[in-house]
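J.:
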């Protein structure tokens with residue numbers, strides 16, 4: 002364990018080496034051998050079709066730079082910390098994505114982000130490599146004022162349209178984040194990215210590069226308003242987009258979404274003898290349309306309720322055998338017109354024969370849910386529309402959640418959550434269908450303007466608004482559940498909580514590689530006599546070691562006498578003291594792996610050696626951390 006985040010490039014090289022070991026020489030790719038193995042003449046000329054921009058190579062270097070940062074728990078800001086599986090992380094999202102790589106690699110079912118649209122008025126973080134070193138950039142994203150808040154002046158760069166790198170800056174900001182986000186997706190995972198006309202063209206090309214053009218699913222068009230635009234000089238723009246890509250389209254199941262309540266109430270009004278199992282039904286004509294090719298076996302009479310024969314004007318949709326089967330089950334409806342003519346209709350029930358509510362195909366155009374709905378949700382929760390501007394409506398997000406997660410279970414991550422509309426949507430949709438979807442929101446503690454309504458209301462950062470919104474939604478749902486009859490036994494089962502974590506420098510002192518003189522070297526050596534930071538808390542160290550061991554933040558943790566047992570017997574961590582008695586106790590638990598700190602041995606090499614041997618004899622992996 003080197004204290005650094007997982008290096009995505011190294012992981013890919015490792016996998017490639019497993020598949021094609023003969024293409025490597027001295028642990029490096031031999032391009033000539035690789036070409037020979039693939040049997041192709043691979044060209045690396047400039048004439049290739051490729052998305053390029055000023056600063057792309059530098060953005061890639063930022064992506065490849067591992068982080069030594071960690072996440073520390075903030076229990077006092079959380080709700081039901083010990084039991085919830087929902088997470089809110091306060092910190093710069095690129096660093097947080099790096100921290101999450103090992104623990105969440107291939108575990109996320111859906112990603113939704115609403116990044117800066119690059120309108121020319123946006124402020125966002127990007128590596129300004131044209132004027133600063135990598136060290137300066139990494140330092141800048143950690144700048145804080147006396148109160149401990151990140152400084153907007155040092156942290157952000159305004160990206161105006163008159164900048165010579167207007168589009169390049171935005172691409173440099175997005176590229177590493179999308180790259181790292183893809184690593185987190187499951188093979189059947191899906192990503193949605195909201196955007197408008199300012200960058201939709203570049204985003205499509207960028208996502209083709211990161212996710213593969215073959216994994217493009219669709220471009221959702223969201224009609225965000227129903228009027229206005231009197232100030233527009235040319236056309237009134239009413240829409241935005243959400244680009245949808247799969248991690249691997251071949252691993253993604255066919256997409257169906259639940260029917261909306263309005264559709265059910267509008268169309269499913271009829272009842273028959275099958276109602277108790279199959280619910281209400283709607284009808285569709287059995288008569289075939291002109292677009293269907295002629296088939297003689299679909300032309301036959303059907304007996305009406307009064308005994309008369311009904312002949313199709315052209316032909317039926319179903320064969321004679323299928324019609325007879327439907328008649329036997331009571332699944333055909335006969336409707337008599339005012340002029341006495343009979344017509345035959347199929348019954349489309351709300352539920353299948355097992356009582357499961359049917360689903361429908363999703364459309365790529367979202368209508369009847371507008372930006373104003375999102376503003377109204379802020380008013381309902383905070384009593385003030387100005388707390389947060391233009392949040393995405395919950396109904397819009399619920400629609401895409403139903404597209405992204407088919408089985409009501411899975412993790413959704415949003416690393417541009419703003420006021421945390423996505424968390425609101427997850428909690429609401431789980432309440433409606435008893436689902437078990439989980440959210441991870443990663444929000445920068447960006448300072449609110451001192452003149453803003455949010456600041457006056459006590460919210461000093463955007464992150465504080467997001468956390469408070471989640472708390473208020475949880476409180477609202479709990480209140481709605483009070484006094485309700487628990488007919489299906491699901492009351493109290495919904496996860497109404499969230500863990501708060503904050504991005505922080507490692508609890509371990511990290512060796513500085515940039516040493517320019519003997520004095521600095523001596524200083525470094527003296528500092529590392531005690532590798533653990535003097536202010537480090539045991540629980541903070543625990544979560545850092547878990548993350549860097551690939552264990553998620555929602556792991557089940559039990560503590561006894563300074564020993565932490567994780568996920569029953571997956572890992573045991575000895576963090577406060579170690580002796581022969583503790584070693585014996587831990588071995589009795591039979592964990593797969595044991596992690597402890599070198600400092601706990603107090604230079605007792607005999608105890609360390611004996612502990613290692615006993616663990617080995619018990620078949621337990623033993624790691625001593627000295628960073």
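Residue numbers (the numbering used here): 2 to 628. Glycine residues also receive a C-beta, built at the ideal position from the N, C-alpha and C atoms.
1. Keeping to the same chain, check which residues put their C-beta closer than 8 Å to that of residue 578; ignore five residues upstream and five downstream.
2. Just to confirm my understanding: we take residue 258, look at its own chain, exclude 5 residues before and 5 after, and list those with CB closer than 7 Å. What are they?
3. What are the boundary residues of the beta strand (DSSP E) that includes residue 450?
4. Check whether the stretch 60-76 and the stretch 470-481 are in contact - that is, three or more C-beta pairs closer than 8 Å.
5. When the Cα atoms are used, what is the spatial distance from residue 189 to residue 207?
6. Say whether the stretch 419-434 touches the stretch 211-225, bearing in mind that this needs 3 or more beta-carbon pairs closer than 8 Å, one atom from each stretch.
7. Exposed or buried, which one is residue 115 when buried takes at least 16 other CB atoms within 10 Å?
8. Find the nearest neighbour of residue 62 within the set 106, 35, 95, 388, judged by alpha-carbon distance.
9. Measuring CA to CA, which of 305, 229, 296, 54 is closest to residue 1?
10. So, is residue 597 buried or exposed, given that buried needs 16 or more other C-beta atoms within 10 angstroms?
11. Does the Cβ of residue 32 have 16 or more other Cβ atoms within 10 Å, making it buried, or fewer, making it exposed?
12. Where does the unbroken alpha helix (DSSP H) through residue 1 begin, and where does it stop?
13. Quick one: what does DSSP say residue 320 is sitting in, helix, strand or coil?
14. Hey, residue 503 and residue 91: beta-carbon distance below 8 Å or not?
15. Locate the alpha helix (DSSP H) running through residue 1, then write down its first and last residues.
16. What's the gap between the Cα of residue 102 and the Cα of residue 185?
17. Please report the straight-line C-alpha distance between residue 537 and residue 444, rounded to a whole angstrom.
18. Any contact between the stretch 412-426 and the stretch 97-113? By contact I mean 3 or more CB pairs, one from each, below 8 Å.
19. Kindly give me the distance between the Cβ atoms of residue 205 and residue 98, rounded to whole angstroms, as I take these residues to be in contact under 8 Å.
20. What are the start and end residues of each continuous alpha helix (DSSP H) run of 4 or more residues lying completely inside the stretch 322-358, in chain order?
21. Less than 7 Å separating the Cβ of residue 620 from some heavy atom of the ligand ADP?
22. In whole angstroms, what separates the C-alpha of residue 310 from that of residue 193?
23. Quick one: grab the DSSP three-state call for residue 1.
24. I'd like the span of the alpha helix (DSSP H) that includes residue 543, first residue to last.
25. Sort 599, 606, 591 by Cα distance to residue 618 and report the nearest one.
26. Can you say whether residue 589 is buried or exposed, counting buried as having 16 or more other CB atoms within 10 angstroms of its CB?
27. Does the stretch 223-233 touch the stretch 262-279, meaning 3 or more C-beta pairs lie closer than 8 Å?
28. Within 10 Å of its beta-carbon, does residue 328 have 16 or more other beta-carbons around it, so buried, or fewer, so exposed?
29. Measure the C-alpha to C-alpha separation of residue 247 and residue 302 and round it to an integer number of angstroms.
30. Any idea if residue 603 is buried or exposed, counting beta-carbon neighbours within 10 angstroms, 16 or more meaning buried?
31. Along the chain, where does the beta strand (DSSP E) that runs through residue 247 open and close?
32. Terminal residues of the continuous beta strand (DSSP E) containing residue 65?
33. Looking at the structure shown, is residue 619 part of a helix, part of a strand, or coil, going by DSSP?
34. Taking the Cβ atom as the reference point for each residue, do residue 299 and residue 347 lie within a distance shorter than 8 Å?
35. Flag this pair as yes or no: are the beta carbons of residue 196 and residue 239 separated by less than 8 Å?
36. Can you tell me which of the three DSSP states residue 77 falls into?
T.: On the basis of the supplied data:
1. Correct list, in chain order: 563, 601.
2. Here the set comprises 360, 361, 363, 403, 404.
3. Counted as a single uninterrupted DSSP element, the stretch harbouring residue 450 is not any beta strand (DSSP E), since DSSP gives it neither H nor E.
4. Between the stretch 60-76 and the stretch 470-481 there are fewer than three C-beta pairs closer than 8 Å, too few to call the two in contact.
5. C-alpha separation (whole angstroms): 20 Å.
6. Verdict: no, contact absent.
7. Buried, because 16 or more other Cβ atoms sit within 10 Å of the Cβ of residue 115.
8. It is 95 whose Cα lies nearest to the Cα of residue 62.
9. The question about residue 1 has no answer here: the residues shown for the chain are numbered 2 through 628.
10. Buried is the call here.
11. With fewer than 16 Cβ atoms within 10 Å of its Cβ, residue 32 is classed as exposed.
12. Given that the chain is displayed from residue 2 to residue 628, the structure contains no residue 1 and the question cannot be resolved.
13. In the structure shown, residue 320 sits in coil (DSSP, three-state: anything other than H, G, I, E or B).
14. Cβ atoms of residue 503 and residue 91: closer than 8 Å.
15. Residue 1 falls outside the range modelled here, since the chain spans only 2 to 628, and no answer is possible.
16. If you take the alpha carbons of residue 102 and residue 185, they lie about 7 Å apart.
17. Rounded to the nearest angstrom, the two C-alpha atoms are 24 Å apart.
18. Using a C-beta cut-off of 8 Å, the stretch 412-426 makes contact with the stretch 97-113, since at least three inter-stretch Cβ pairs fall below that distance.
19. Your pair residue 205 and residue 98 does not check out as a contact, with CB atoms roughly 22 Å apart and the cut at 8 Å.
20. Within the stretch 322-358, no complete alpha helix (DSSP H) run reaches 4 residues.
21. You won't find the ligand ADP in this model; it holds no ligand whatsoever.
22. Rounded to the nearest angstrom, the two C-alpha atoms are 53 Å apart.
23. Since the first residue of the chain shown is 2 and the last is 628, residue 1 is not available in this structure.
24. Run containing residue 543: 539-549, per the alpha helix (DSSP H) assignment.
25. Distances from the CA of residue 618 to each of 599, 606, 591 were compared; the closest alpha carbon is that of 591.
26. Exposed is the call here.
27. Counting Cβ pairs under 8 Å, fewer than three are found: no touch.
28. Here residue 328 is exposed. Its C-beta has fewer than 16 other C-beta atoms within 10 Å.
29. Taking the straight line from one Cα to the other gives about 48 Å.
30. Exposure of residue 603 is indicated by the presence of fewer than 16 other C-beta atoms within 10 angstroms of its C-beta.
31. Start and end: 240-247.
32. Careful: residue 65 lies outside any beta strand (DSSP E), inside the alpha helix (DSSP H) at 57-65.
33. Note: residue 619 maps to coil in three-state DSSP.
34. Going by C-beta atoms, residue 299 is not nearer than 8 Å to residue 347.
35. Their beta carbons are not under 8 Å apart, which means residue 196 does not touch residue 239 by this criterion.
36. Under the three-state reduction of DSSP, residue 77 is assigned to helix.
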